[in-house]
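Number of protein chains: 4
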Amino acid sequence: MDRKEAPDAGARARIMDAAEKLFAGGGYDATPTARIAELAGVPKGLVFHYFPRKIDVLISLVDERTVVTDEEVEAFPGDPAGTLSRLARRIPLRASPAMRRILFREADTHRSVRERLGRLNSEIIRRARFALELALPGSRGDAARLEAAAATFAAVLIYQESLCLLTGHHIDPDAVAELIAHALGNLA
Amino acid sequence: MDRKEAPDAGARARIMDAAEKLFAGGGYDATPTARIAELAGVPKGLVFHYFPRKIDVLISLVDERTVVTDEEVEAFPGDPAGTLSRLARRIPLRASPAMRRILFREADTHRSVRERLGRLNSEIIRRARFALELALPGSRGDAARLEAAAATFAAVLIYQESLCLLTGHHIDPDAVAELIAHALGNLA
Amino acid sequence: MDRKEAPDAGARARIMDAAEKLFAGGGYDATPTARIAELAGVPKGLVFHYFPRKIDVLISLVDERTVVTDEEVEAFPGDPAGTLSRLARRIPLRASPAMRRILFREADTHRSVRERLGRLNSEIIRRARFALELALPGSRGDAARLEAAAATFAAVLIYQESLCLLTGHHIDPDAVAELIAHALGNLA
Amino acid sequence: MDRKEAPDAGARARIMDAAEKLFAGGGYDATPTARIAELAGVPKGLVFHYFPRKIDVLISLVDERTVVTDEEVEAFPGDPAGTLSRLARRIPLRASPAMRRILFREADTHRSVRERLGRLNSEIIRRARFALELALPGSRGDAARLEAAAATFAAVLIYQESLCLLTGHHIDPDAVAELIAHALGNLA
DNA sequence: GATGAATGAGGCTTCATTCAT
DNA sequence: GATGAATGAAGCCTCATTCAT
Numbered sequence: 122m123d124r125k126e127a128p129d130a131g132a133r134a135r136i137m138d139a140a141e142k143l144f145a146g147g148g149y150d151a152t153p154t155a156r157i158a159e160l161a162g163v164p165k166g167l168v169f170h171y172f173p174r175k176i177d178v179l180i181s182l183v184d185e186r187t188v189v190t191d192e193e194v195e196a197f198p199g200d201p202a203g204t205l206s207r208l209a210r211r212i213p214l215r216a217s218p219a220m221r222r223i224l225f226r227e228a229d230t231h232r233s234v235r236e237r238l239g240r241l242n243s244e245i246i247r248r249a250r251f252a253l254e255l256a257l258p259g260s261r262g263d264a265a266r267l268e269a270a271a272a273t274f275a276a277v278l279i280y281q282e283s284l285c286l287l288t289g290h291h292i293d294p295d296a297v298a299e300l301i302a303h304a305l306g307n308l309a
Numbered sequence: 122m123d124r125k126e127a128p129d130a131g132a133r134a135r136i137m138d139a140a141e142k143l144f145a146g147g148g149y150d151a152t153p154t155a156r157i158a159e160l161a162g163v164p165k166g167l168v169f170h171y172f173p174r175k176i177d178v179l180i181s182l183v184d185e186r187t188v189v190t191d192e193e194v195e196a197f198p199g200d201p202a203g204t205l206s207r208l209a210r211r212i213p214l215r216a217s218p219a220m221r222r223i224l225f226r227e228a229d230t231h232r233s234v235r236e237r238l239g240r241l242n243s244e245i246i247r248r249a250r251f252a253l254e255l256a257l258p259g260s261r262g263d264a265a266r267l268e269a270a271a272a273t274f275a276a277v278l279i280y281q282e283s284l285c286l287l288t289g290h291h292i293d294p295d296a297v298a299e300l301i302a303h304a305l306g307n308l309a
Numbered sequence: 122m123d124r125k126e127a128p129d130a131g132a133r134a135r136i137m138d139a140a141e142k143l144f145a146g147g148g149y150d151a152t153p154t155a156r157i158a159e160l161a162g163v164p165k166g167l168v169f170h171y172f173p174r175k176i177d178v179l180i181s182l183v184d185e186r187t188v189v190t191d192e193e194v195e196a197f198p199g200d201p202a203g204t205l206s207r208l209a210r211r212i213p214l215r216a217s218p219a220m221r222r223i224l225f226r227e228a229d230t231h232r233s234v235r236e237r238l239g240r241l242n243s244e245i246i247r248r249a250r251f252a253l254e255l256a257l258p259g260s261r262g263d264a265a266r267l268e269a270a271a272a273t274f275a276a277v278l279i280y281q282e283s284l285c286l287l288t289g290h291h292i293d294p295d296a297v298a299e300l301i302a303h304a305l306g307n308l309a
Numbered sequence: 122m123d124r125k126e127a128p129d130a131g132a133r134a135r136i137m138d139a140a141e142k143l144f145a146g147g148g149y150d151a152t153p154t155a156r157i158a159e160l161a162g163v164p165k166g167l168v169f170h171y172f173p174r175k176i177d178v179l180i181s182l183v184d185e186r187t188v189v190t191d192e193e194v195e196a197f198p199g200d201p202a203g204t205l206s207r208l209a210r211r212i213p214l215r216a217s218p219a220m221r222r223i224l225f226r227e228a229d230t231h232r233s234v235r236e237r238l239g240r241l242n243s244e245i246i247r248r249a250r251f252a253l254e255l256a257l258p259g260s261r262g263d264a265a266r267l268e269a270a271a272a273t274f275a276a277v278l279i280y281q282e283s284l285c286l287l288t289g290h291h292i293d294p295d296a297v298a299e300l301i302a303h304a305l306g307n308l309a
């Protein structure tokens, strides 16, 4: 975690720092390994010393700097909207903004990235579903609708950043949380 | 004279056909112009006769084979769910599945693609908002919530395909429509 | 001589006009035939209709728009400096400034250009020699020196333009004329 | 390991050697980088390892293999012709004949070449002027004429080679030196 | 004669990857 | 382990030239 060119933050870490920045900026394909080395301040050969193939840099980045957390879900019984809002603020993804960008952007590029994104999606859905079940008094509501709600919320959480980047349109997760809560809460 | 394979759609059209297929399949960056020419059954140089730079193929594809329609919105008063479902089935985008894939996938690649996607997003939101206003009896509901509903529906429509492709998780637009309708309808 | 796109100044002439401008500007190699056609306002194919190969445009330009005149030399007996100055102002080359530039610039490119330049050089030398012989009272001066004087004057006349273009250094032909005249005149 | 032909001047040097030969022979534009690599006995890619763009080969050649010397001028008082002759034999340019050819031939191609040629011209003029001032007893001669003499001599020195190559006409610098000296010497 | 689509060779350049030191 | 020279496949693009209409 000690980035920057400290005494020796470790060449490997510096390489990953550089790659993270560049992949997030211009994309994996458009980033030559030479530029990674340059930004990291290490000789070109060293990159291949630590990462035999270029794709391994991406894979390691996703493996080591991206964690889909698995903790127990917090839910406030009787407050589904608050529960979802809280989930929105604690997306079960431990990663820098740059890594998040990489995850969404390069999901096509390599299977391992895609899988990580898939796991993230599943986890968000799982949490949302669980949280809603807990938050709603009698969870006897329509199971299908609850599933749709969870999936919708996950989609919004996952793509809000891309959407904003690509179309300039902001979505407020809290408003969506409130909307969904309302849809389910009114079942009574 | 007729040594071409297609009924002679014209070389330019064949090039665009080939590019559409390949860009949708492997992505813009991963598709060499030589492969486009090969698949189109034309010599390599002809691609550059019609499209000075490689990116122009993508731009022309988006310009000519992608239309964000602007027609009036259909709405069934009293049936917001049905109205949204209908919108889901008539996304205001006239484009082949391949083109749709390209639009979502290459939005980073070039401004013109991004803009088209942005316009699509805006149009979906506009339609959803309008349809809901019409469908809901007294549209006096919370304006902010209606906005959130429209944006959420647009996000789901736009990203459902990508989500499925990347994570394998399907979202049923109809279920989301019903969910949203319920959220708004229960305001009364 | 009726350039410009008059009713039909003749496509051929317009092509040569365009080529003259472009060759003088960017050089022969750097000028694609397509740009010639474009500037001439004719279809690309027409260039090759009139000039089978690209080099033929250059050759025709030199052949038709470059004349090394052959007229009799004017000399003012007793005034070698004035005689040379007059020669400087009436270089035996009938050509536009653009053509002159082309002649000097592309002399490497093709034999026919080189030959034309060679003939020009010879003619200037011949004239200078003859003029000096006439202008000097008793031409009994050193023949070798007279030859050197003529060659020097020719070199200055031919390269003054290039020198200025390339190095920014101006040479005044009149001053050189005066210098040379002095060198020869003082033999007495 | 020693599969190279030269005593291993280093790949970079061999590339420059090859380029020097080829540029002097056929010209910069007409020399493909592939041929440079081939003649140098190195793989094509190595050329771009040392010289990112093709033009950088030319620039480096001019920068490293062309020196416009700046030393003090030698002059023989009372012998302007000998002084100029000596200058002709010691042109203030340290460069191989091939490099000299390149310098004159490609001055259009790139600014850095042009500048070098300009500096050479200035230096020759400076030297010629200074040498003549020293060589002439009372330097009270006409300053303008002295300037013209220096410029003329520089023009002849710089272009004698091109002239010969292009027109086949030789100029003897010694004869020109003698001519100029005479012009100035007779001022008395 | 006039036109512009068609052709394909070849140029410059990029870049992942290897490897000797 | 660390280094940067070496390698060569492949990509994009240019362009003179041909030719059917």
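Protein chains in written order, with my numbering: chain A, 122 to 309; chain B, 122 to 309; chain C, 122 to 309; chain D, 122 to 309.
Using N, Cα and C, we set each Cβ at its ideal position, and we do this for glycine too.
Task: Nonlocal neighbours in the same chain, by C-beta distance under 8 Å from Thr190/A, ignoring five residues either side - done: Pro213, Leu214, Arg215, Glu244
Open item on the list: Considering Cα atoms alone, identify which of Gly148/B, Leu284/B, His231/B, Glu141/B is closest to Pro218/B.
Closed with: Glu141/B
Open item on the list: If I follow the unbroken alpha helix (DSSP H) through Ala237/C, where does it start and stop?
Closed with: For the record, residue 237/C in the displayed sequence is Arg; it is not Ala. Run containing Arg237/C: 232 to 256, per the alpha helix (DSSP H) assignment.
Task: chain D residues whose Cβ lies nearer than 7 Å to that of Tyr280/C - done: Ala276, Tyr280
Task: chain D contact residues for Gly199/C, given Cβ-Cβ distances below 8 Å - done: By Cβ distance, chain D contributes nothing, its closest Cβ being about 17 Å from Gly199/C, past 8 Å.
Task: Euclidean distance between Cα positions of Arg235/A and Arg222/A - done: 13 Å
- [ ] Return the chain-ordered list of same chain residues with a C-beta closer than 7 Å to the C-beta of Met122/C, the five sequence neighbours on each side being excluded.
- [x] Caution applies to Met122/C, whose pLDDT of 39 falls short of 50 and renders its modelled position unreliable; the model cannot decide the point.
Open item on the list: For Gly239/B, which residues in the same chain have their Cβ closer than 6 Å to its Cβ, ignoring the five residues on either side in sequence?
Closed with: none
Task: Distance, Ala161/B Cα to Gln281/C Cα - done: 56 Å
Open item on the list: Does the CB of Val297/B have a neighbour CB from chain A at under 8 Å?
Closed with: yes
- [ ] Flag Ala272/A as yes if its beta-carbon sits less than 8 Å from any beta-carbon of chain B, otherwise no.
- [x] yes
Open item on the list: Which same chain residues end up closer than 7 Å to Leu255/C when comparing Cβ atoms and leaving out the 5 residues on each side of it in sequence?
Closed with: Ala196, Pro198
Task: Buried versus exposed call for His303/C [16 or more other C-beta atoms within 10 Å across all chains shown] - done: buried
Task: Cross-strand partners of Leu182/A (DSSP beta bridge) - done: Answer is none; Leu182/A lacks a bridge partner.
Open item on the list: Given this structure, state the Cα-to-Cα distance separating Ala298/D from Arg133/D, to the nearest angstrom.
Closed with: 41 Å
Task: Residues of its chain near Met137/B, where Cβ-Cβ distance is below 8 Å and the 5 sequence neighbours each way are ignored - done: Val178, Ser181, Leu182, Glu185, Arg186
- [ ] Going by CA-CA distance only, name the one from Leu241/A, Leu267/A, Asn242/A that's closest to Ala252/A.
- [x] Leu267/A
Open item on the list: Let me check understanding here. Comparing Cα to Cα, which of Glu159/D, Pro153/D, Leu287/D lies closest to Phe225/D?
Closed with: Leu287/D
TODO: Kindly indicate if chain A contains any beta-carbon less than 8 Å away from that of His231/B.
DONE: no
Task: Simplified DSSP state of Val297/B, which is helix, strand or coil - done: helix
Open item on the list: By the three-class DSSP mapping on this structure, what secondary structure does Val311/B have?
Closed with: Examination of residue 311/B is not possible in this model, given that chain B is present from 122 through 309 alone.
Task: Closest Cα partner of Ala145/B within the set Ala275/B, Pro294/B, Ala228/B, Gly289/B - done: Ala228/B
TODO: Evaluate Arg153/B with the Cβ neighbour count: other Cβ atoms within 10 Å of its Cβ, from every protein chain shown; 16 or more gives buried, anything less gives exposed.
DONE: Inspection of the sequence shows that residue 153/B is occupied by Pro rather than by Arg. Exposed, because fewer than 16 other Cβ atoms sit within 10 Å of the Cβ of Pro153/B.
- [ ] Starting from the C-beta of His231/B, find all residues in its chain whose C-beta is less than 7 Å away, skip the five residues before and the five after it, and write them out in chain order.
- [x] Ile176, Leu179, Ile180
- [ ] Assuming Ile246/B and Ala275/B form a contact by the criterion Cβ under 8 Å, report the distance between their Cβ atoms to the nearest whole angstrom.
- [x] 5 Å
- [ ] Report the residue ranges of all alpha helix (DSSP H) runs contained in full by the stretch 146 to 220 of chain A; include only those spanning at least 4 residues, in chain order.
- [x] 154 to 161, 165 to 171, 175 to 185, 201 to 210
TODO: With DSSP as the reference, label Asp138/B as helix, strand or coil.
DONE: helix
- [ ] Please work out which residues of its chain come closer than 6 Å, Cβ to Cβ, to Glu159/B, disregarding the five sequence neighbours upstream and downstream, and give them in chain order.
- [x] none
- [ ] Give me the Cα-Cα distance between Leu241/C and Pro201/D, rounded to the nearest whole angstrom.
- [x] 32 Å
Task: Contact residues within the stretch 177 to 206 of chain B, judged by C-beta distance below 8 Å to chain A - done: none
Task: Exposure label - Arg135/A; buried when at least 16 CB within 10 Å - done: buried
Open item on the list: With the cut-off set at 8 Å, would you say Gly271/A and Arg250/A are in Cβ contact?
Closed with: Correcting the residue identity first, residue 271/A is Ala in this sequence and not Gly. In this structure, Arg250/A lies closer than 8 Å to Ala271/A by Cβ.
- [ ] Output, in chain order, the set of chain C residues within a Cβ distance shorter than 9 Å of Asp226/D.
- [x] With the sequence shown as reference, residue 226/D is identified as Arg, and Asp is not the correct amino acid for it. Here the neighbours are Asp229.
- [ ] Assign Ala155/A to buried or exposed, taking buried as 16 or more other Cβ atoms, counted over all protein chains shown, within 10 Å of its Cβ.
- [x] exposed
Open item on the list: For a contact defined as C-beta to C-beta under 7 Å, what are the partners of Arg235/C on chain D?
Closed with: Leu287
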